[in-house]
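If you're matching positions, the sequence shown starts at 146 in the numbering used here and goes up one per residue.
This report concerns only the one structure given below.
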Amino acid sequence: MSFKINTILKKRYYMSKSILEGKKILAVDDEPDIVKVLEEEVKEAAPNCFFDKALTYEEALEKMEKNTYDIVILDIMGVRGFDLLEYGTKRGFRVVMLTAHALNAEALEKSYKMKAHGYLPKDKLGEIVPFLEDILQHDFFTGWKRLLEKLETFFDKNIDPDWRNRIKFY
């Protein structure tokens, strides 16, 4: 899809009020550019949401100890994402995993078993807003079912065509 068409579709999508408005979101990634893109995407759709960010494990842990969040977005690799996932779920946060380097069946299954509410490849950052809205609108199991249906083709190409048979989800 061309950039111009994609921009027009985004503007139409964002004309309706996002359920992210007024929500508190924490994005954690050791790549500042990724955090910046996440913030731009979310703030374009929901200018009145509180968007917090952290670039290190220590910074993220401190923020998660002191604050509450509606959604926490965690990079798996550079910031000890699975450690933060464990802490965040104990605090009752809806945590979603973001990855480029750990895009494999094992990380997908581990995210699910550790109660992450979703798993998004960094290739799909342009879809972060509807992804997060979906996370807020659905319970854990329904959310995962919808996610796997939406990203089935992507996972077939980028993880392994046999990933469904190797991972026990339901």
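By construction, the Cβ of each residue, glycine as well, lies at the ideal position given by its N, Cα and C atoms.
From a predicted model like this one, the values you see are computed outputs, not experimental measurements.
If you ignore the 5 residues before and after Glu-186, its C-beta comes within less than 8 Å of the C-beta of Leu-270, Gly-271, Ile-273 and Val-274, all in its own chain and listed in chain order. One thing to note: Leu-200 has its Cβ no nearer than 8 Å to the Cβ of Val-217. Inter-residue distance for Arg-225 and Thr-244 is about 12 Å (C-alpha atoms, whole angstroms).
Inter-residue distance for Phe-227 and Pro-266 is about 15 Å (C-alpha atoms, whole angstroms). The three-state secondary structure of Gly-263, taken from DSSP, is strand. Residues Met-209 of the same chain have their beta carbon placed closer than 7 Å to that of Arg-236, with the five preceding and five following residues left out of the count. The C-beta distance from Lys-168 to Asp-215 rounds to 4 Å, short enough to meet the 8 Å contact threshold. At a cut-off of 4 residues, the continuous stretches assigned as alpha helix (DSSP H) that sit fully inside the stretch 163-250 are 177-190, 202-211 and 226-235. DSSP, read as helix, strand or coil, puts Asp-268 in helix. Annotation for Asp-279: the continuous alpha helix (DSSP H) segment containing it runs 273-282. The Cβ atoms of Ala-191 and Leu-219 lie no closer than 8 Å to each other. The C-beta distance from Leu-230 to Ala-250 rounds to 17 Å, too long to meet the 8 Å contact threshold.
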